[in-house]
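Some notes on the structure that comes next.
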Amino acid sequence: MRNIHLRMCTSILATVSMLFGAYAQADRYVLGGNPPGSLFNSIANAIGTVVSQNSENTIDVLPQGGTVYYPMMLSKEVDFGLVNPFDAYAAHTGMAPYGSKLTDKGFSLRTVMVGKPINISFITTKDSGIKNFADLKGKRVVADYGAFASSSLSANTLLATAGLTKDDIKVVTVGSYPQGVKAVQEGRADASVASIGSGVTRELDATRGAKILSVTNTPEALSAARKIGKSWVISAVKPGAPGVTEEVNAISYGVPVVARADLDDQAVRSLLETVWNHHEKLPGIFGWMRGWTPDKFVNTAVSIPYHPAAIAFYKEKGVWTSEMDRIQSSLK
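Sequential numbering from 2 applies to the sequence shown in our numbering.
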C-alpha cells in the first residue's frame, strides 16, 4: 500500500513538474506602444497579437510613450518599445529631454527591426479655411505635447519644412498625440500633428471632416527637416487615408522596434523570428501594416545599434551586409 501511495505521489510530482516546466518556457514580455488612438498603439497591438498567437511567449502592450516606458526599461518592467528614430536616439544618448536623475548617460537601447514607414503632417478640418502650411501663421496649432516628446519634435520638423517656427503660430499644449487631434476635433485648436491613417484621425474625419496638409517637397524643406533628425524623408501619400483626398507629401521614417540593451538574446530572437515568419498575419489585425515586411527590417537609416541577437538572426537570413557592419560600428 505504501509503495502504491509512493508511486502515486511520484506520478503527481512528475506531472506538476512537467506543467511548471512548460509554463516556465512561456515567458511574458512588455512592449511600449503609445496611447489608444495612435498609430503606434495599433502597431504594437498587432505585433503583440501575432507573437502571442504564434510563439510560446506572450506580449503585453503598455499604452504609453517613451518618456514613460524608458525608465521602466531600467527596472526591467518593459522589454520592447515602438519609437521614432529621433526620440530613440535622444533617449539612448541622454539628450534633452531625457537627461534625468535616473541616468546621466541615457537609456541603453538596441534596434530589433525597422518596419513600414509612418507618414506625418499637420491635420485640420475641411471647413477650417487652411489650405497649406503658410495658412498656419497666427493659427492655434498643437506644437507642445508635454512629456510626449516625439510629437513635439514632429511639430517642430513640420514647421521647419515651411520655414516656420513656434513664434509664427499660437502654440496649443496637450499631453499626448491623440489629445492633439482631439483638440482639433473639439475646436480648441486649428491644426495638430497627424500620423496619417491613425485611429484618432478617422474619428476627426467622421465627425467634422479631416484635411491633411501637404508638406513642400523641395531640397530646402528636406534639409530643414534633417537638421532636426537625419532619418527624415519626404514621401508622397496616395489618396485613401482619412483627410487625404488627393496625393499629398508628408515627412516620414521607418518605425523601429527597440529593446532594452540587456534583454536576453532568446527574447529578442523569439519576437523577431515570429514576426519574420508570420508578418503576413499583421494586416488582418491592423490593415495599415500591409507592407510591414522582412525586406525592411534591416535599415541603413537606423539611429541606434542593432541588438546582437538581431544581427545574428539577420546574418543567418543573409540580409546583413558589410555596409550594415560599418553602420553598426559607427553607432554608440
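We put the CB at the ideal spot given by N, CA and C, even for glycine.
So, with DSSP's three-state summary, where would you put residue i?
| i | result |
| --- | --- |
| residue 114 | strand |
| residue 70 | helix |
| residue 24 | With a pLDDT of only 39 at residue 24, under the threshold of 50, the placement of this residue in the model should not be trusted, and no figure is reported. |
| residue 102 | Here the model assigns residue 102 a pLDDT of 49, short of 50, so the residue's position is not dependable and the matter cannot be decided. |
| residue 278 | helix |
| residue 326 | helix |
| residue 134 | helix |
| residue 16 | The pLDDT assigned to residue 16 is 37, lower than 50, so where the model puts this residue is not dependable; a value taken from the coordinates is nonetheless given after this. Of the three classes helix, strand and coil, the one that applies to residue 16 here is helix, per DSSP. |
| residue 171 | strand |
| residue 286 | helix |
Alpha carbons only, please: which of the options is nearest the one belonging to residue i?
| i | options | result |
| --- | --- | --- |
| residue 189 | 300, 129, 112, 71 | 129 |
| residue 286 | 244, 40, 214 | 40 |
| residue 159 | 45, 234, 126, 139 | 234 |
| residue 72 | 57, 55, 93, 61 | 93 |
| residue 74 | 111, 42, 43, 38 | 111 |
| residue 115 | 224, 243, 299 | 299 |
| residue 125 | 64, 69, 206 | 206 |
| residue 330 | 317, 306, 310 | 306 |
| residue 242 | 289, 76, 69 | 289 |
| residue 219 | 319, 245, 162, 117 | 162 |
| residue 225 | 239, 325, 313, 165 | 165 |
Over what stretch of residues does the beta strand (DSSP E) that includes residue i continue unbroken?
| i | result |
| --- | --- |
| residue 218 | That residue, residue 218, is in no beta strand (DSSP E); it is neither H nor E in DSSP. |
| residue 254 | 249 to 261 |
| residue 213 | 211 to 213 |
| residue 197 | Premise fails: residue 197 is in no beta strand (DSSP E) and is neither H nor E. |
What are the start and end residues of the alpha helix (DSSP H) that includes residue i?
| i | result |
| --- | --- |
| residue 50 | 40 to 55 |
| residue 86 | 86 to 94 |
| residue 160 | 150 to 162 |
| residue 201 | 200 to 208 |
| residue 185 | 178 to 186 |
| residue 315 | 309 to 318 |
I think residue i touches residue j, with their Cβ atoms under 8 angstroms apart; what is that distance to the nearest whole Å?
| i | j | result |
| --- | --- | --- |
| residue 295 | residue 279 | Contact doesn't hold; Cβ gap of about 11 angstroms is too wide. |
| residue 108 | residue 99 | 7 angstroms |
| residue 236 | residue 120 | 6 angstroms |
| residue 343 | residue 192 | Since the displayed the chain opens at 2 and closes at 333, residue 343 lies outside it and no answer follows. |
| residue 113 | residue 269 | 6 angstroms |
Should residue i be flagged as near chain D, meaning a C-beta pair shorter than 9 angstroms?
| i | result |
| --- | --- |
| residue 288 | Chain labels in this structure do not include chain D; a single protein chain is all it has. |
Worksheet item: When the Cβ atoms of the region 29 to 38 are set against those of the region 49 to 59, are three or more pairs found closer than 8 angstroms?
Response: yes
Discussion item. Would you call the region 179 to 187 in contact with the region 196 to 203, where contact means no fewer than 3 C-beta pairs closer than 8 angstroms?
Written reply: yes
Worksheet item: For the region 264 to 278 against the region 141 to 160, are there 3 or more C-beta pairs whose distance is under 8 angstroms?
Response: With the cut-off at 8 angstroms, the region 264 to 278 and the region 141 to 160 do not touch.
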